[in-house]
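**Q** Each residue of the sequence shown is one higher than the last, beginning at 7 in this note's numbering.
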Amino acid sequence: MIFRCPGPPCDRGPYCWQDGATKKHYRLLGHHLRGIVKSIQQGGRIESHGDVPDDIRKQLYAEDQQHSDRKRKRRNSDSRPTDHVPVVINNYIPPTSGQAVTYNTNETTRIMHGDRSPQLVVPGYREEAVEAYYEWHCSQVRSQKQKQSYKMARDLTLDRALDLEHVHIDSDAQFYIDHGVLEGVARRFVTDVKVFLDQYDAS
7 MIFRCPGPPC
17 DRGPYCWQDG
27 ATKKHYRLLG
37 HHLRGIVKSI
47 QQGGRIESHG
57 DVPDDIRKQL
67 YAEDQQHSDR
77 KRKRRNSDSR
87 PTDHVPVVIN
97 NYIPPTSGQA
107 VTYNTNETTR
117 IMHGDRSPQL
127 VVPGYREEAV
137 EAYYEWHCSQ
147 VRSQKQKQSY
157 KMARDLTLDR
167 ALDLEHVHID
177 SDAQFYIDHG
187 VLEGVARRFV
197 TDVKVFLDQY
207 DAS
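1. Taking only runs of the alpha helix (DSSP H) that begin and end inside the segment 138-202, which ones reach a length of at least 4 residues, in chain order?
2. On the premise that residue 152 lies in contact with residue 188, defined as a C-beta separation below 8 Å, what is that separation, rounded to the nearest angstrom?
3. Sorted by chain position, which residues of the same chain lie with C-beta nearer than 6 Å to residue 199's C-beta, five sequence neighbours on each side aside?
4. Does the distance from the CB of residue 36 to the CB of residue 141 come in under 8 Å?
5. Out of 164, 160, 61, which one is the CA nearest neighbour of residue 192?
6. Considering only their Cβ atoms, is the gap separating residue 16 from residue 38 smaller than 8 Å?
7. Assign residue 194 to one of two classes, buried (16 or more other C-beta atoms within 10 Å of its C-beta) or exposed (fewer than that).
8. What residue range is occupied by the uninterrupted alpha helix (DSSP H) comprising residue 48?
9. What does DSSP give as the partner residue(s) for residue 10 in the beta ladder?
Quick look at the structure:
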């Protein structure tokens, strides 16, 4: 195949596109390859890297820029001092006589330690990022039953116009379990978003 990665020194595999002007290699994910196939089906001729449609090139450039921006933000974040003292605001109202006292331990923990699910920067179109995340999960398992369950999780996510940032922040495995997704798959689907993005960044 034209776009199969040639291997070292290129590490973008299994598929990549080489910009003829800069000679830089860009990793091709599932949504990029589907776009190329669609172009061929519509009558386009793709016989070399130079024939890649402009819209796919622009998408690759944009995702590469987002990739670089995320790395820069991460470096800046890692260089900031972390010895700040957390501030806890106690809005305590004494109960009236005979009234039970309740404490929202989840809210207290959140205030003391901060939100443990920071905002993520997801490359490309949100729907296609969900699709790429689903394909990545399927590449980690052999079981067709699990792959079908990951497909169900993907469909539930897209049907409700959710994206990977929502999945990461909400971390609501029970939502997927309640809709028939296998428990292990559901838990992986909501906890592995950052792992997936870090691997994408590392490329």
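Positions of the beta carbon are idealized from the N, C-alpha and C atoms, including for glycine.
**A** Let me spell this out:
1. 150-165, 170-176, 179-184, 189-197
2. 7 Å
3. 170, 173, 174
4. yes
5. 160
6. no
7. buried
8. No alpha helix (DSSP H) holds residue 48; DSSP gives it neither H nor E.
9. 21
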